[in-house]
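Okay, so here's the structure we're looking at.
There are 2 protein chains.
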Amino acid sequence: MRLESLRYTERFGSVRINDLQKVLELDSGKKSETPRKEEIAVHKIEDEVIKDIEGRMAIVIPIKDEKLKLFEGVISGIPHDCLIIAVSNSQKKRVDRFRMERDTLAQFCRFTQRRALVIHQKDENLAQGLAQAGYSDMLDEKGVVRDGKSEGMIIGILLAMLNKKEYVAFIDSDNYIPGAVWEYVKIYAAGFSLAQSPYAMVRVLWHYKPKISPEMYFKKWGRVSEITNKHINALLSEKTGFETEIIKTANAGEHAMTIKLAEILPYASGYAVEPQELVSIFEGFGGILPTGSQAAAKHGIEIFQIETRNPHLHEERGRMHLREMLVPGLSTIYYSDLCDKKLKERMSQELIDLGTLQPGEEIPRPHLVPPPKKVDVQSFASFMKEHLYTYSVLEE
Amino acid sequence: MRLESLRYTERFGSVRINDLQKVLELDSGKKSETPRKEEIAVHKIEDEVIKDIEGRMAIVIPIKDEKLKLFEGVISGIPHDCLIIAVSNSQKKRVDRFRMERDTLAQFCRFTQRRALVIHQKDENLAQGLAQAGYSDMLDEKGVVRDGKSEGMIIGILLAMLNKKEYVAFIDSDNYIPGAVWEYVKIYAAGFSLAQSPYAMVRVLWHYKPKISPEMYFKKWGRVSEITNKHINALLSEKTGFETEIIKTANAGEHAMTIKLAEILPYASGYAVEPQELVSIFEGFGGILPTGSQAAAKHGIEIFQIETRNPHLHEERGRMHLREMLVPGLSTIYYSDLCDKKLKERMSQELIDLGTLQPGEEIPRPHLVPPPKKVDVQSFASFMKEHLYTYSVLEE
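Taken in order, these protein sequences are the chains called A and B.
Each step along the first sequence adds one to the number in my numbering, with nothing skipped, and position 43 is 43.
Each step along the second sequence adds one to the number in my numbering, with nothing skipped, and position 87 is 87.
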């Protein structure tokens, strides 16, 4: 893979926010000595470097009643050396869709001779293990894991930890293009290969997100992303005194982290999860509020933003209201201790102008699940040990 | 890459027609010893095998007034080690689109440090070289190369020959998905790696070809393909006495050949070009009509048909009439010396029933350009030698 080289980095305390880098070439061919004149503008990341990272990476696929053909396409695009972890919150009662997902994954893994895990979000052993290890914030009043994609993501992170992976990445199960899924993984690995800190994050920006109806129109920015990016940049600008547009991936669902970083971040519910990660990083490592991790602050946190070559084409499941998508993202900024009154007012006003908030109404506070590091991993691991084989799709 | 292993092959004289093989996994990871039990059902093709073939492959991209964003996406998906040969028949007068294509390609190649050729179909030196080398069938009354995609393909084959490539492949310039382009090339290389004969062809079947309007619908077979496949299979069935459905890629625009095979086939104009390749192979090597190449007959011709994982999404340029697309393809079967009266009548009747042919109207005969082997390659090469550098996008 060839990427544009890093041309610009902004610093916020010990956070290094790298400007957008574009993928130039999906497949950069055989290993070679890069000519010197190329190095200035372009990073060539050799296949063996990428594959080495893939072998240490878990790909978490949250899935909920998704079309099986799409799920099958997604898994076919994930490079072989990655560990697939499907976290399902699909129905089991009327039609056992979880069983179908498991069967689809098992058939794929049997033919391609690879390992994969699949777990249901409401798995009872999992819930018991979490409760025992002190992570009951994840559980609802019935004692099973709460609904929500971010809870699924955390289950994925924990399973990646139990499987001794060093990187964890997220890919949605509704992607139409297996080749785009493949590119996301290459981008994650390429980003990590450039990281100097063991606390790194790679966020994907879609080259285009086509609108497919009534005809193909290649939209560069979604409105929600545009507004969320604007306010998260304002949060930075007002603290540093320099206006910035550095954040271009506030809502990036396709993203990856080193486990070291993933385990020290809290996770917000629903559409708040991705912007919250950034806000939490800025809070914890921006040098303004007290840090939660001296070790991470010492190494610094590195954020990569990489633009795909493939367009993003995914299943449209009815119209989401602007409110449902926009308000949770902005709430992460609104309730940050970094956010001052002026910015709060600007955000409220914008939401009122857009008709997504009533005058006088308060923005709802995001629900935060504390960092996976809170779990007593030893206790969790020893409880889960005897159940782990039940999540493996291939008999071992 | 992992492919389904070959489960079934039909023989027609010295032609081996392999049944459809599906891509199971886009990226099969690090090199490894394949477990024995897997081998029965699955071919794992190692990256180094694929890359080695890519280094000997030219990718020909015919282009005509295509959106530059799409062209740029297509070239970004072609693995680095392949030689890109863009053959343009775009306008140069009012707006010099050829110049823009050249600039786009040059910019890409400068950053990615790769070679590429771009040539205009009406290039005067090319026309002179062809005339001198005895290939005036390619030229029109003005003495330049005729319009048409198949003429562009032949130019590509000739340039691949001059560049000592062993494989030549075709990819359309209107593909929306760079990751799908990448997969086509991997499929070509994977197919060739399985070939036992130096006369081999790989034809791509799209997993789905989505209709994008009014909403996403994943269509498996186009109507034109369905009808063309049916009649080409009938051609085989009636000669062998065994009914067959082996051909599933009669209209495959995405296909590749060894140069040895490419240079001995004639090429038909327009939508007839892809089915004509099959018909010509059946005529020349089916054991019924006299063969044009003893060497090829001895080795046998191998045809691979491989189904992608990615859907095929390309630019829709207005509605084509069924007639324009269907009649040329069927004409290649109709005018084959292998085609008997009964099949001719069935085809005419079907076209009349579809309203694409008037009763009593004769199916137009396809225009055939004789095989590139007809060219006196020595003479062509020595004439072109001093001009070749003008087609290279990077200064050498």
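Glycine residues also receive a C-beta, built at the ideal position from the N, C-alpha and C atoms.
This structure is a prediction, so every number in the text was calculated from the model and none was measured.
N-terminal and C-terminal residue of the alpha helix (DSSP H) that residue i is part of
| i | result |
| --- | --- |
| S193(B) | P178 to L194 |
| N163(A) | First-last for N163(A): undefined, no H or E at that position. |
| R203(B) | It is not in any alpha helix (DSSP H) - R203(B) instead sits in the beta strand (DSSP E) that spans A200 to L205. |
| K31(A) | No alpha helix (DSSP H) contains K31(A), which DSSP labels as neither H nor E. |
| K69(B) | L68 to G77 |
Assigned secondary structure, residue i (DSSP; H/G/I helix, E/B strand, else coil)
| i | result |
| --- | --- |
| K373(A) | helix |
| K230(B) | helix |
| T390(A) | helix |
| Y208(A) | coil |
| K44(A) | strand |
| K151(B) | Sequence inspection shows Glu at residue 151(B); the Lys mentioned does not correspond to that position. E151(B): helix per DSSP, three-state reduction. |
| L236(B) | helix |
| I17(B) | strand |
| R365(A) | coil |
| L83(A) | strand |
Same chain, Cβ closer than 6 Å to residue i, neighbours up to 5 away in sequence not counted
| i | result |
| --- | --- |
| L6(A) | N18 |
| G156(A) | V60, I85 and V87 |
| K31(B) | E46 |
| Y188(B) | A169, V202 and A256 |
| I247(B) | N229, I232 and N233 |
| A297(A) | S14, F285 and T291 |
| E277(B) | L265 |
Residue i, enclosing beta strand (DSSP E) - first and last residue
| i | result |
| --- | --- |
| R7(A) | Neither: R7(A) is in no beta strand (DSSP E) and is coded neither H nor E. |
| E25(B) | Q21 to E25 |
| I63(A) | M57 to I63 |
Whole-angstrom distance between residue j and residue i, CA atom to CA atom
| i | j | result |
| --- | --- | --- |
| R102(A) | M325(A) | 30 Å |
| T356(A) | R323(A) | 5 Å |
| T308(B) | W182(A) | 14 Å |
| P364(A) | I352(A) | 14 Å |
| M410(B) | V375(B) | Chain B is shown only over 1 to 396; residue 410(B) falls outside these bounds and no answer can be derived. |
| K209(B) | G179(B) | 15 Å |
| P275(A) | T228(A) | 8 Å |
| I78(B) | V185(B) | 7 Å |
| W311(A) | A234(A) | The displayed chain sequence assigns Pro, not Trp, to residue 311(A). In a straight line, the C-alpha of P311(A) is about 28 Å away from that of A234(A). |
| G152(A) | S193(B) | 41 Å |
| P359(A) | P370(A) | 32 Å |
| K230(A) | E245(A) | 7 Å |
| K67(A) | Q91(A) | 13 Å |
| V202(A) | D52(B) | 31 Å |
| I63(B) | L105(A) | 40 Å |
| F242(A) | E10(A) | 11 Å |
| E315(B) | N175(A) | 20 Å |
| V327(A) | V74(A) | 29 Å |
| V144(A) | N125(A) | 9 Å |
Beta-carbon contacts of residue i that lie in its chain and below 7 Å, excluding the five residues immediately before and after
| i | result |
| --- | --- |
| L24(A) | R2, L3, E4 and V42 |
| H367(B) | A268 and S269 |
| K132(A) | Note on identity: in this sequence residue 132(A) is Gln, with Lys being the wrong assignment. If we look at Q132(A) and ignore the five residues flanking it on each side, its Cβ neighbours are S379 and F383. |
| S225(A) | A250 and N251 |
| K344(A) | Y334 |
| P198(B) | T258, K260 and H299 |
| H207(B) | E307, T308, R309, N310 and P311 |
| L20(A) | L205, K248, Q305 and E307 |
Contact set for residue i: own chain, Cβ-Cβ below 8 Å, skip 5 residues either direction
| i | result |
| --- | --- |
| L83(A) | M57, A58, I59, R115, A116, L117, A160, N163 and K165 |
| I431(A) | Absent from the structure is residue 431(A), since the part of chain A shown begins at 1 and ends at 396. |
| T112(B) | H80 |
| V49(A) | A189 and S193 |
| R263(A) | The sequence given here places Glu at residue 263(A); Arg does not occur at that position. Contacts found: I157, M161, P371, P372 and K373. |
Exercise. Along the chain, which unbroken stretches of the alpha helix (DSSP H) at least 4 residues long are found entirely within the segment 85–149 of chain A?
Worked result: 97–112 and 124–132, all fully within the segment 85–149 of chain A.
For this session: With a floor of 3 residues, list each beta strand (DSSP E) that falls wholly inside the segment 270–352 of chain B, ordered by position along the chain.
Result: Along the segment 270–352 of chain B, the beta strand (DSSP E) occurs as fully enclosed runs of 3 or more residues at 301–307, listed in sequence order.
Exercise. What runs of the beta strand (DSSP E), each 3 residues or longer, lie entirely inside the segment 242–266 of chain A?
Worked result: Uninterrupted beta strand (DSSP E) stretches at least 3 residues long and entirely within the segment 242–266 of chain A occur at 255–258, given in chain order.
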